[in-house]
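In the numbering used here, the protein residues as written are 1 to 406.
Beta carbons: idealized from backbone N, C-alpha and C, even for Gly.
Take a look at the structure below.
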Amino acid sequence: MTHGEQTPAIGGPDSTGHWGRFGGRFVPEALIAALEELDEAHRSATADKAFQAEFDRMLREYANCPSPLYQASRLSESAGADIWLKREDLNHTGAHKIRNVLGQALLAKKMGKKRVIAETGAGQHGVAAATAATYLGLECTVYMGEEDTQRQSLNVARMHMLGAEVVPVTTGSRTLKDAMNEALREWVASVDHTHYLIGSVGGPHPFPALVRDYCRGIGDEARAQILDRIGRLPDHVVACVGGGSNAMGIFTAFLDDDVALHGYEAGGDGYETGRHAATITAGEVGVLHGARTFVLQDEDGQTIASHSISAGLDYPGVGPEHAHLADIGRATYQPVTDAEAMDAMRTLAAKEGIICAIESAHAVAGALRLAKDAPGTTILVNLSGRGDKDMGTAAAYFGLAEGNAQ
């Protein structure tokens, strides 16, 4: 029997970590035992009522969850659709990332690990990992592409403030892909006492399902909240997609419903220019960071550099469950350019007084585009992070510092 035959159309993965033809475990032999240990620990923790109660307590008392659901009335009026925002930007540390890191850090303690390592692009995951490590008394090292340390210097300072060691990665394109390479190399050498606190729904099995499970509270909360507010489910659920953790977090609660799911990838300078990170739109099936998924690659199968104004979406791969959802047509994925995302960031600030992360602005841009195509419908947007970290980029883009805004 093939992996695809074992896997249901939605949900999963199967026992070997596959969704259809995607996922799996493509890693050095030295990591197999660690991944098996992690899979067993995750399954055990999922069935452990005491573990789940402690996780719920941390989310409630420390991370400020459940996050609010907000009806964006002025944005809705101008767009011509009823737009609701799941305010993950109001979580402690300013993004949905805190859910995943608290779950994984608690799991690391349960496994007896003394140290966590992490990779980060925009820095939100790095800040969240450093926060969770401090909260639970673990050592923390964060790998970050050198280019990203420069465009996200505020988050680098926050990680240092929280006591984490930040290691700039100077290989390759010096972005998220290279940071993840270094984190995987480090994990091979320190796996006996270190947990790799991965930041998205990528990597080898069981990480994609594990991260999704710790993020799924986003969708569970939003589903209950909108049912309470309007008495029915939304017509559309929208999220930005880089690796895809925030999108899987909200999609998971709606997979079995008659609700359209939309992921918006980083279109960079434009799909036609080749300078983008629209992995599902333009990628081919390949293996990246331990999993089979859609990957941006050249004609020889070599991974090529991605581009996005958003450091958090600047990644040439995507989580394998997203690849599967695209493959079976359960979710649609479209690119949003840097210019569209920045316009959406400014529009949301002007209409609602909310400055979102540039990552999240891709989702807002997608929602505004969707509102034109499907006016009068109800659109639920996962606002995955706040924009404080991106103000340097935004100020330069709009000319705010010079007083001659576009």
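With contact defined as three or more Cβ pairs closer than 8 Å, the stretch 386 to 400 and the stretch 240 to 255 are not in contact.
P206 counts as buried, since at least 16 other C-beta atoms from the protein chains shown sit within 10 angstroms of its C-beta. The stretch 328 to 342 and the stretch 268 to 281 touch, with three or more beta-carbon pairs separated by less than 8 Å. Scanning W84, N246, V27, R21 for the CA closest to the CA of L227 turns up W84. Membership of F207 in the alpha helix (DSSP H) is indicated by the continuous run 207 to 215. Classified as buried, V201 has 16 or more neighbouring CB atoms from the shown chains inside 10 Å of its CB. For the stretch 82 to 165, the full-length alpha helix (DSSP H) segments reaching 4 residues or more read 97 to 110, 124 to 136, 146 to 151, 153 to 161 along the chain. Bounds of the alpha helix (DSSP H) holding P320 are 320 to 327.
In the three-state reduction of the DSSP assignment, T293 falls in the strand class, which pools E and B.
With respect to T378, H289 sits apart: the two C-beta atoms are not nearer than 9 Å. Bridge pairing for P168: M144 [DSSP].
Remark: three or more beta-carbon pairs, one from each stretch, lie closer than 8 Å, so the stretch 56 to 73 and the stretch 95 to 102 are flagged as touching. H195 sits close to L107, with the two beta carbons spaced by under 9 Å. Segment contact: the stretch 262 to 269 against the stretch 308 to 315, three or more CB-CB distances shorter than 8 Å; contact assigned.
With a beta-carbon spacing of about 12 Å, T141 and V169 fall beyond the 8 Å limit used to define contacts. A distance below 9 Å separates the beta carbons of N181 and T171.
The DSSP-derived three-state label of G366 is helix. DSSP lists L85 as the bridge partner or partners of Y70.
Taking C-beta atoms as the reference points, L102 and A132 count as a pair closer than 9 Å.
Per DSSP, the beta-bridge partners of Y333 are G263. Take the alpha-carbon of A81 and the one of L233: they are about 15 Å apart. Inter-segment contact for the stretch 15 to 33 and the stretch 319 to 328 is present: three or more beta-carbon pairs are separated by less than 8 Å. Cβ atoms of A105 and L197 come within 8 Å of each other, at about 7 Å. T175 sits in coil when the DSSP states are folded into three classes, being neither helix nor strand. Here V188 carries a helix assignment [DSSP, helix/strand/coil]. The C-alpha of D298 is placed about 9 Å away from the C-alpha of E284. Taken atom to atom, the span from the alpha-carbon of L400 to that of E88 is near 26 Å. Looking at the DSSP output, T194 bridges to R115. About 4 Å separates the Cβ atoms of C240 and H362, confirming a contact at the 8 Å cut-off. Taking each of Y271, R292, G24 in turn and checking the Cα distance to A282, the smallest one comes out for Y271. For R346, the enclosing alpha helix (DSSP H) has its first and last residue at 338 to 352.
For I379, the beta-bridge partners assigned by DSSP are I83, H236. Residue environment: A350 is assigned as exposed (fewer than 16 neighbouring CB atoms within 10 Å of its CB, all protein chains considered). Listed as beta-bridge partners of T303 by DSSP are Q297.
Burial check for E119: the Cβ neighbour count within 10 Å reaches 16 or more, so the residue is buried.
Spanning the alpha carbons of P13 and K372 requires a straight line of approximately 35 Å.
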